[in-house]
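Notes follow once the structure below has been shown.
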Amino acid sequence: MAPVPTSPIKVGHIDDVQELRKAKPTTIPERFVRDMTERPTLAITLPSLSEIPSINFSSLVNGNKDDCQNEILQLARACEDWGFFQVINHGIDLSLLESIEELAKNFFMLPLEEKQKYPMAPGTVQGYGQAFVFSEDQKLDWCNMFALGIEPHYIRNPKLWPIQPPKFCETVEVYSREVRKLCQNLLKYIAITLGLKADIFEEMFGVAVQAIRMNYYPPCSRPDLVLGLSPHSDGSALTVLQQGKGSSVGLQIFKDNKWVPVQPIPNALVINIGDTLEVLTNGKYKSVEHRAVTHKEKDRLSIVNFYAPSYEIELGPMPELVDENNPCKYRRYTHGEYNKHYVTNKLQGKKTLEFAKIKSKTSTE
Ligand SMILES: COC(=O)C(/C=C/C1=C(C)CCCC1(C)C)=C/O[C@H]1C=C(C)C(=O)O1
Ligand SMILES: O=C(O)CCC(=O)C(=O)O
Ligand SMILES: [Fe+2]
């Protein structure tokens with residue numbers, strides 16, 4: 001008899017946090033309790049003095065010459081000093097943002113058996129479940145995820161596209177198309193901030209890889225002990241994040257050695273620089289570490305789009321950003337190689353990017 005195939009990855013039992021919350025609202029299983037050094041301190045949820053910058057997209061596209069130049073300057077500062085910004089007047093229909101949010105929430109509210117028809121297999125990143133879990137002793141995030149590959153079509157697994165709720169798939173398609181255009185436009189302006197020709201990234205990326213991930217964080221009776229999402233930087237070039245309306249404040253970015261909360265601006269989208277742009281700009285624009293924390297009474301939803309070069313594209317610092325004052329910090333590799341590395345390692349701050357770093361004896365970064 002042929003041996004029964006088993007997954008080489010042993011992740012142990014992973015509780016579904018929504019079910020856990022329903023059955024035992026005050027129980028936090030040990031696998032979710034973070035070590036002291038990782039626990040979020042509640043003080044940081046107080047309003048912060050510093051806010052991530054906001055960029056008015058319509059000033060970039062439709063503004064007069066002065067407005068446009070001023071916004072490009074703001075964009076350059078946001079990318080260099082923060083790696084994160086919120087885009088207002090992004091041009092995506094607000095009713096589309098509302099629809100995707102409603103459908104994502106409806107998906108997470110389906111019975112567990114329905115969601116489990118689209119399981120995220122251990123070691124993979126598409127479907128419903130917890131990604132980036134590779135061992136039985138790894139701490140778990142207080143989060144349920146649903147992720148799908150969008151472009152190019154060959155990365156799609158059609159079995160994971162849900163039948164319920166109705167209109168989910170069509171809306172994901174329309175939404176992803178709009179977000180893709182926004183990424184392409186933002187990359188044009190980012191190129192301009194670097195003194196490069198506007199189409200440089202579009203020409204370099206080929207048919208860009210795009211994926212969507214929906215994160216649902218139920219309330220947690222002990223938000224001081226758990227993390228909604230482990231600290232990480234994104235492997236993408238750009239990430240576009242929509243925070244659910246009425247959600248608790250949960251996204252935090254690591255800046256100047258502190259966790260800074262991102263206060264949602266109604267109808268704005270949060271954009272962040274991913275590892276790929278950090279490498280291409282030779283570290284001028286950095287992918288900033290971020291995480292999500294939970295709330296005692298409120299749930300939270302985020303819808304995230306990752307936009308990255310095609311897998312066969314060879315990456316490395318662009319020659320325009322390397323000189324004797326800015327020596328080359330990263331080696332060359334293909335995005336496919338980076339992708340493989342990213343999805344086979346747990347989320348651990350900026351550790352994934354070590355893959356690309358050229359280690360010099362004097363380097364302290
Ligand atoms: C849970 O998934 C992720 O966090 C994630 C994965 C994205 C992907 C899919 C859901 C389908 C197949 C493609 C891809 C791996 C992009 C994060 O995406 C980041 C990580 C890399 C690398 C990247 O390009 O975006
Ligand atoms: O939910 C959030 O705000 C963070 C999500 C995130 O960082 C991610 O999905 O990569
Ligand atoms: Fe992220």
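In the UniProt record's numbering, the protein residues as written are 1 to 365.
The beta-carbon is built from N, C-alpha and C at its ideal position, and this holds for glycine as well.
Any idea what DSSP makes of Gln242, helix, strand or coil?
Taking the sequence shown and counting its residues from 1, the one referred to as residue 242 is at position 242. If DSSP states are grouped into helix, strand and coil, Gln242 belongs with the strands.
May I ask whether a heavy atom of ligand 3 can be found less than 7 Å away from the beta carbon of Asp234?
Reading the sequence shown from its first residue, position 234 is the one you call residue 234. Between ligand 3 and the CB of Asp234, the shortest heavy atom gap is smaller than 7 Å.
Measuring straight from C-alpha to C-alpha, what distance separates Ser230 and Arg156?
Stepping through the sequence shown from its first residue, residue 230 is reached at position 230. Stepping through the sequence shown from its first residue, residue 156 is reached at position 156. The alpha-carbon atoms of Ser230 and Arg156 are separated by roughly 26 Å.
What are the boundary residues of the beta strand (DSSP E) that Gly127 is part of?
Numbered from its first residue, the sequence shown carries residue 127 at position 127. In the DSSP annotation of this structure, the continuous segment of the beta strand (DSSP E) that includes Gly127 starts and ends at 127-129.
Three-state secondary structure (DSSP) at Lys159?
Counting from one through the sequence shown, the residue named residue 159 turns up at place 159. Helix.
Kindly identify the DSSP beta-bridge partner or partners of Leu251.
Numbered from its first residue, the sequence shown carries residue 251 at position 251. The secondary-structure analysis by DSSP pairs Leu251 across a beta bridge with Ala292.
Looking at Arg291: is its Cβ nearer than 8 Å to the Cβ of Leu227?
In the sequence shown, counting from the first residue as 1, residue 291 sits at position 291. In the sequence shown, counting from the first residue as 1, residue 227 sits at position 227. Yes, they are a contact pair.
Given Lys115, which residues of its chain have a CB within under 6 Å of its CB, disregarding the five upstream and five downstream residues?
Indexing the sequence shown from 1 puts residue 115 at position 115. Hits under 6 Å: Tyr128.
Got a sec? Which residues, its chain only, sit under 7 Å from Gly83 by beta carbon, not counting five neighbours each side?
By one-based count along the sequence shown, residue 83 stands at place 83. So the qualifying residues of the chain are Asn272, Ile273, Tyr285, Lys286, Ser287, Val288.
Comparing alpha-carbon positions, which option in Thr352, Asn305, Asn325, Gln138 lies nearest Thr174?
Position 174 of the sequence shown, counted from the first residue, corresponds to residue 174. Checking the sequence shown, residue 174 turns out to be Val, not Thr. When only C-alpha atoms are compared, the closest one is Asn305.
What's the gap between the Cα of Pro330 and the Cα of Lys22?
Locating residue 330 in the sequence shown gives position 330, counting from the first residue. Locating residue 22 in the sequence shown gives position 22, counting from the first residue. In the sequence as displayed, the identity of residue 330 is Tyr instead of Pro. Going by the C-alpha atoms only, they are around 47 Å apart.
Going along the chain, which residues of its own chain have a beta-carbon closer than 8 Å to the beta-carbon of Lys105, five neighbours each way excluded?
Taking the first residue of the sequence shown as 1, we reach residue 105 at position 105. Answer for Lys105: Tyr216, Gly244, Leu301, listed in chain order.
In whole angstroms, give me the CA-to-CA distance for Pro327 and Pro319.
As a first step, residue 327 must be located in the sequence shown, where it is residue number 327. As a first step, residue 319 must be located in the sequence shown, where it is residue number 319. Going by the C-alpha atoms only, they are around 10 Å apart.
Hey, is the region 138-154 in contact with the region 197-217, meaning 3+ C-beta pairs nearer than 8 Å?
By the Cβ criterion, the region 138-154 is in contact with the region 197-217, since at least three pairs of Cβ atoms, one from each stretch, lie closer than 8 Å.
Report all residues for which the CB-ligand distance to some heavy atom of ligand 2 is below 6 Å; order them along the chain.
Arg213, Asn215, Leu229, Asp234, Leu241, Gly250, Leu251, His290, Ala292, Ser302, Val304
His90: which of Val240, Glu30, Gly149, Gly250 sits nearest, CA to CA?
Position 90 of the sequence shown, counted from the start, is the residue given in the question as residue 90. For His90, the closest alpha carbon among the candidates Val240, Glu30, Gly149, Gly250 is that of Val240.
Using the beta-carbon count (16 or more within 10 Å), is Leu280 buried or exposed?
Numbered from 1 along the sequence shown, position 280 holds the residue referred to as residue 280. Of the other Cβ atoms in all chains shown, 16 or more fall within 10 Å of the Cβ of Leu280; this residue is therefore buried.
Could you tell me which of Leu315, Asp323, Glu101 sits nearest to Tyr338, measuring between CA atoms?
Locating residue 338 in the sequence shown gives position 338, where the first residue counts as 1. It is Leu315 whose Cα lies nearest to the Cα of Tyr338.
Among all the DSSP beta bridges, which residues are the ones paired with Pro119?
For the purposes of this step, residue 119 is identified with residue 119 of the sequence shown, where counting begins at 1. Paired residue(s): Tyr128.
Using the C-alpha atoms, what's the distance from Gln130 back to Ile44?
In the sequence shown, counting from the first residue as 1, residue 44 sits at position 44. In the sequence shown, counting from the first residue as 1, residue 130 sits at position 130. Caution applies to Ile44, whose pLDDT of 49 falls short of 50 and renders its modelled position unreliable; the model cannot decide the point.
So, is Tyr189 buried or exposed, given that buried needs 16 or more other C-beta atoms within 10 angstroms?
Indexing the sequence shown from 1 puts residue 189 at position 189. It counts as buried.
Asn64: buried (16+ other C-beta within 10 angstroms of its C-beta) or exposed?
Here residue 64 refers to the residue found at position 64 when the sequence shown is read from its first residue. Classification for Asn64: exposed.
What I want to know is whether the C-beta of Thr276 ends up closer than 7 Å to one or more non-hydrogen atoms of ligand 3.
Counting from 1 along the sequence shown, the entry for residue 276 is found at position 276. No, ligand 3 has no heavy atom inside 7 Å of this Cβ.
Considering only residues of the region 158-240, which uninterrupted alpha helix (DSSP H) runs meet the minimum length of 4 residues and lie entirely inside it, listed in chain order?
168-193, 200-205
Suppose only complete runs of 3+ residues qualify. What are the beta strand (DSSP E) ranges in the region 22-107, listed by chain order?
54-56, 84-88
Leaving out the 5 sequence neighbours to the left and right, which residues in its chain are closer than 6 Å to Pro162 when beta-carbon positions are compared?
Residue 162 sits at position 162 when you count from the first residue of the sequence shown. Excluding positions up to five away in sequence, the list reads Tyr118, Phe168.
Can you tell me the Cα-Cα spacing of Ile313 and His341, whole angstroms?
In the sequence shown, residue 313 corresponds to position 313, counting from 1. In the sequence shown, residue 341 corresponds to position 341, counting from 1. Inter-residue distance for Ile313 and His341 is about 15 Å (C-alpha atoms, whole angstroms).
May I ask you to report which of helix, strand or coil DSSP gives Lys351?
Taking the sequence shown and counting its residues from 1, one reaches residue 351 at position 351. Helix, per DSSP.
With respect to 7 Å, is the separation between the Cβ of Thr239 and the closest non-hydrogen atom of ligand 3 below this value?
Residue mapping note: residue 239 aligns to position 239 of the sequence shown, counting from 1. It does: the Cβ of Thr239 is within 7 Å (strictly closer) of some heavy atom of ligand 3.
What is the DSSP secondary structure of Pro261, counted as helix, strand or coil?
In the sequence shown, the residue the question calls residue 261 occupies position 261. DSSP places Pro261 in strand when its eight states are reduced to three.
In angstroms, rounded to a whole number, what distance separates the CA positions of Val270 and Gly195?
Locating residue 270 in the sequence shown gives position 270, where the first residue counts as 1. Locating residue 195 in the sequence shown gives position 195, where the first residue counts as 1. So the alpha carbons of these two residues sit roughly 24 Å apart.
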